[in-house]
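Chemist: Dropping a structure here in structure tokens format, bear with me for questions.
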Amino acid sequence: MKTLCMDSAHKHLIFVLLEDGNVVASLAQECWKRQSETLFPALIALMEEAHWKADDIDEVVITDGPGSYTGVRIAMTVAKVLCTRKHIPLYCISTLQLYAGMHPHTFVMLDARSSRAYTALLDEGKFLLDEGIMTLDEVKAYLKDKDVRVVGETELIDLAHEDVDFVENFQALRPLARRIDNVHTLTPRYLKENDAYLVK
Amino acid sequence: MKDTYILAIESSCDETAVAIIKNAKEIVANVVATQIDVHKDFGGVIPEVASRIHVENISMVIEEALKKANMDVADMDAIAVTQGPGLVGSLHVGVQAAKTLAWAYDKPLVPVHHIAGHIYANQLITELAFPLLALVVSGGHTELVYMKDEWSFEILGTTQDDAIGEAGDKVGRVLGLPYPGGVYVDKIAKDGKAIYTLAKPKTENELDFSFSGLKSSVLQFIDRCKRKNETFLPEDLAASYQETAFEALLERARKALELYHPKQMLLAGGVAANSCLRKKISEDMAKAYPEVTFIIPPLSCCTDNAAMIGVAGTIAYQHGERGDFALTADPGMELER
Ligand SMILES: [Zn+2]
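As you go down the protein sequences, you meet chains A and B in turn. Per my numbering, the first sequence starts with residue 466, numbered consecutively. Per my numbering, the second sequence starts with residue 2, numbered consecutively.
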């Protein structure tokens, strides 16, 4: 069973190639706003390294948001087209899950601009506090009396930065990924759905 | 000779479109998912909304086109895609989809300029003959393009400010007409007479265009009427606007015809659907220049679609144009190279 894991939703470009759950090749690099031109050259290099052909892929796992609007659309477009044409299953995890991995009691915060953050509290990959948007002041207040690990763009609230092992997290979260029944109708979860942007 | 099949993707603005074209002139499939009803509610295209709908539609539109053609991606000779110009977020979706197909099926990737597509849409109805003059008119473009040969583009003149379609949409808005304004301006102008004098567009280069002054002139006219408590017929103002705008267009086209003596002159782009402009070219211009063949595309070829990208993409493919996997959307892509 060959699994292609892909994320371009936020500031990184991440690939993990799994063979029966084991990492065969991987890449996790900062790629802010360059995912569009970098995705395929990077994927092609990894596939060569792993001696995989496109037709070998049995399933795909991606992050479906939140993140940058363009970023989240890049990997999702690739996944939607690949999975529907090759008739292979597509699974999704949240970008915030990818940051938290299977660690216990982890609060994730990603820059949502305008002094806000995409936030969630997770425990071993499961949501204790649902994904949402908080102002940075709300984040500080929320974290005040909590004993949790904080990952993501912690510098926004002047917390020390903790490195995230995206490759390990993707691998560990694979069993938790949601299977997408109708790949054609899949859309990113932008979380910021103000009325002007509501699409009927 | 072996047949050439190209699958083409166009997503530069508010249509998610996929087509399959045989031998650069036959439409095997042509699917367009239009967003017009959504954008009507907003009174124009909101780029972020357009991108969201593209990502929602893209895989389905590809599947529809293949089903209609009863073909598989493996049957294609190449994958063509609009690389630009257009809305960057919208272009990204089409470009990634095209790269996915090219990668997953090991097919050449052919980037296409949107305007080359509009020009080559005419090859679906007639054989193009060179040298050729193309008058490209749309919501984003107003250009005179000279084509000495099959895959050569020289821009003789371009707009210095608004595109003609943009100006028409704005005039439609000040007249209280629905979106897209230009279409409704054309509609009501049929019941009006061009009796008002509006500012004639002037440009430094005699083949360039300008429409922002004319648009202001329409606004000033309405303000003056309000101030003086005078009434006017919107139909007459619409007719006057169209007369002034299209005369300015054709004045440049006539100059280009006299300077370059092309065999054909063709009209391309969304505004090519305008009835007043079509009439002026097929009647007045055709009479004045009997040695030139004038080509007016059918209405179905004027709006954005992928068939036109498929035709241009086939010519580009035959001329050896290839994109690599680092190809990305180019919102300001140049036609000349
Ligand atoms: Zn167009």
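Quick reminder that beta carbons are idealized off the backbone N, C-alpha and C, glycines included. If you're wondering where the values come from, they're calculated on a predicted model, not measured in any experiment.
Following the continuous beta strand (DSSP E) through residue 467 of chain A, name the residue where it begins and the one where it ends.
Modeler: Taken as a continuous stretch (DSSP letters only), the beta strand (DSSP E) holding residue 467 of chain A covers 467 to 472.
Chemist: Note down, in chain order, each residue of its chain lying with its Cβ closer than 6 Å to the Cβ of residue 561 of chain A, except the 5 sequence neighbours on either side.
Modeler: Excluding positions up to five away in sequence, the list reads 573, 585 and 596.
Chemist: Find the nearest neighbour of residue 204 of chain B within the set B/334, B/198, B/258 and B/213, judged by alpha-carbon distance.
Modeler: Nearest of B/334, B/198, B/258 and B/213 to residue 204 of chain B, Cα basis: B/213.
Chemist: Could you give the distance in angstroms between the alpha-carbon of residue 153 of chain B and the alpha-carbon of residue 299 of chain B?
Modeler: Using only the alpha carbons, I get a separation of about 24 Å.
Chemist: Taking 7 Å as the cut-off, is the C-beta of residue 119 of chain B nearer than that to any heavy atom in ligand 1?
Modeler: True, at least one ligand heavy atom lies under 7 Å from that Cβ.
Chemist: Is any heavy atom of ligand 1 found at a distance shorter than 7 Å from the C-beta of residue 349 of chain B?
Modeler: An answer regarding residue 349 of chain B cannot be provided, because it is not within the stretch 2 to 338 covered by chain B.
Chemist: Thinking just about the alpha-carbon of each residue, which of B/86, B/243, B/64 and B/184 is nearest to the one in residue 196 of chain B?
Modeler: Taking only the C-alpha atoms, the option nearest residue 196 of chain B is B/243.
Chemist: Return yes when at least one heavy atom of ligand 1 lies under 7 Å from the C-beta of residue 305 of chain B, else no.
Modeler: For ligand 1, at least one heavy atom lies less than 7 Å from the Cβ of residue 305 of chain B.
Chemist: Interface residues of chain A around residue 90 of chain B at Cβ under 9 Å?
Modeler: Simply 534, 535 and 538.
Chemist: Determine, using beta-carbon pairs with one atom in the stretch 46 to 59 of chain B and one in the stretch 5 to 14 of chain B, whether at least three such pairs fall under 8 Å.
Modeler: Yes, they touch.
Chemist: By how many angstroms is the C-alpha of residue 96 of chain B removed from the C-alpha of residue 176 of chain B?
Modeler: Taking the straight line joining both Cα atoms gives about 38 Å.
Chemist: Between A/552, A/507 and A/468, which lies nearest to residue 477 of chain A when the distance is taken from Cα to Cα?
Modeler: Measuring from the Cα of residue 477 of chain A, the nearest candidate turns out to be A/507.
Chemist: Who are the Cβ neighbours of residue 256 of chain B in its own chain at under 7 Å, not counting the five residues just before and after it?
Modeler: Correct list, in chain order: 207 and 208.
Chemist: Here's a check: name, in chain order, each residue in its chain whose Cβ is nearer than 7 Å to the Cβ of residue 261 of chain B, leaving out the five neighbours to either side.
Modeler: Within the same chain, residue 261 of chain B has close Cβ partners 132, 134 and 147.
Chemist: Output, in chain order, the set of chain B residues within a Cβ distance shorter than 8 Å of residue 501 of chain A.
Modeler: Going along chain B in sequence order, the residues near residue 501 of chain A (Cβ under 8 Å) are 93, 96, 97, 329 and 330.
Chemist: If you run the structure through DSSP and keep just helix, strand and coil, what is residue 113 of chain B?
Modeler: Correct three-state label for residue 113 of chain B: strand.
Chemist: Would the beta-carbon of residue 621 of chain A fall within 8 Å of that of residue 593 of chain A?
Modeler: Taking 8 Å as the Cβ cut-off, residue 621 of chain A and residue 593 of chain A do not qualify as a contacting pair.
Chemist: Please list the partners that residue 541 of chain A has in chain B, where partner means a Cβ-to-Cβ separation under 7 Å.
Modeler: In chain order: 56.
Chemist: Hey, would you say the C-beta of residue 115 of chain B is under 7 Å away from at least one heavy atom of ligand 2?
Modeler: Judged by which ligands are present, ligand 2 is missing from the structure shown, whose ligands are ligand 1.
Chemist: Put residue 610 of chain A into one of helix, strand or coil per three-state DSSP.
Modeler: The answer is coil: DSSP assigns residue 610 of chain A none of H, G, I, E or B.
Chemist: Kindly indicate which residue of A/630, A/632, A/637 and A/571 has the alpha-carbon position closest to the one of residue 611 of chain A.
Modeler: Nearest of A/630, A/632, A/637 and A/571 to residue 611 of chain A, Cα basis: A/571.
Chemist: Under 9 Å between beta-carbons, which chain B residues line up against residue 577 of chain A? List them in chain order, please.
Modeler: By Cβ distance, chain B contributes nothing, its closest Cβ being about 15 Å from residue 577 of chain A, past 9 Å.
Chemist: Please tell me whether residue 250 of chain B has its Cβ less than 8 Å away from any Cβ of chain A.
Modeler: No, its Cβ sits nowhere closer than 8 Å to a Cβ of chain A.
Chemist: Can you tell me whether DSSP reads residue 161 of chain B as helix, strand or coil?
Modeler: Of the three classes helix, strand and coil, the one that applies to residue 161 of chain B here is coil, per DSSP.
Chemist: Apart from the five residues just before and just after residue 74 of chain B, which ones in its own chain have a Cβ nearer than 6 Å to its Cβ?
Modeler: Counting only Cβ-Cβ distances below 6 Å, and skipping sequence neighbours, we find 102 and 106.
Chemist: Can you tell me whether residue 270 of chain B sits near ligand 1, meaning its C-beta is under 7 Å from at least one heavy atom of the ligand?
Modeler: Residue 270 of chain B Cβ: within cutoff of ligand 1.
Chemist: Against residue 37 of chain B, what residues of chain A qualify as contacts under a CB-to-CB distance less than 8 Å, listed in chain order?
Modeler: Correct list: empty, because the minimum Cβ distance to chain A is about 13 Å.
Chemist: Do the stretch 155 to 164 of chain B and the stretch 280 to 298 of chain B meet, that is, are 3 or more Cβ pairs less than 8 Å apart?
Modeler: Judged by Cβ distances under 8 Å, the stretch 155 to 164 of chain B makes no contact with the stretch 280 to 298 of chain B, as fewer than three pairs qualify.
Chemist: Short of 6 Å in beta carbon distance, which residues of its chain neighbour residue 166 of chain B, apart from the five on each side in sequence? Order them along the chain.
Modeler: Around residue 166 of chain B: 139, 140, 183, 271 and 272.
Chemist: Could you tell me which chain A residues have their CB closer than 9 Å to the CB of residue 13 of chain B, listed as they occur along the chain?
Modeler: Ordered by position in chain A, no residue passes the 9 Å Cβ test against residue 13 of chain B, which lies about 15 Å from the chain.
Chemist: Which two residues bound the contiguous alpha helix (DSSP H) that contains residue 495 of chain A?
Modeler: Residue 495 of chain A -> not in any alpha helix (DSSP H); beta strand (DSSP E) instead, spanning 487 to 495.
Chemist: Can the beta-carbon of residue 296 of chain B be found closer than 8 Å to that of residue 123 of chain B?
Modeler: Going by C-beta atoms, residue 296 of chain B is nearer than 8 Å to residue 123 of chain B.
Chemist: I'd like to know if residue 60 of chain B contacts chain A, where contact means its C-beta is closer than 8 Å to some C-beta of that chain.
Modeler: Residue 60 of chain B counts as touching chain A.
Chemist: Between the beta-carbon of residue 6 of chain B and the beta-carbon of residue 313 of chain B, is there less than 8 Å?
Modeler: No, Cβ-Cβ distance for residue 6 of chain B and residue 313 of chain B is not below 8 Å.
Chemist: Quick check: residue 725 of chain A and residue 556 of chain A, are their CB atoms within less than 8 Å of each other?
Modeler: Outside the shown range of chain A, which is 466 to 665, sits residue 725 of chain A, and nothing can be said about it.
Chemist: Is it buried or exposed for residue 320 of chain B, if we count other Cβ within 10 angstroms and need 16 for buried?
Modeler: With fewer than 16 other Cβ atoms within 10 Å, it is exposed.
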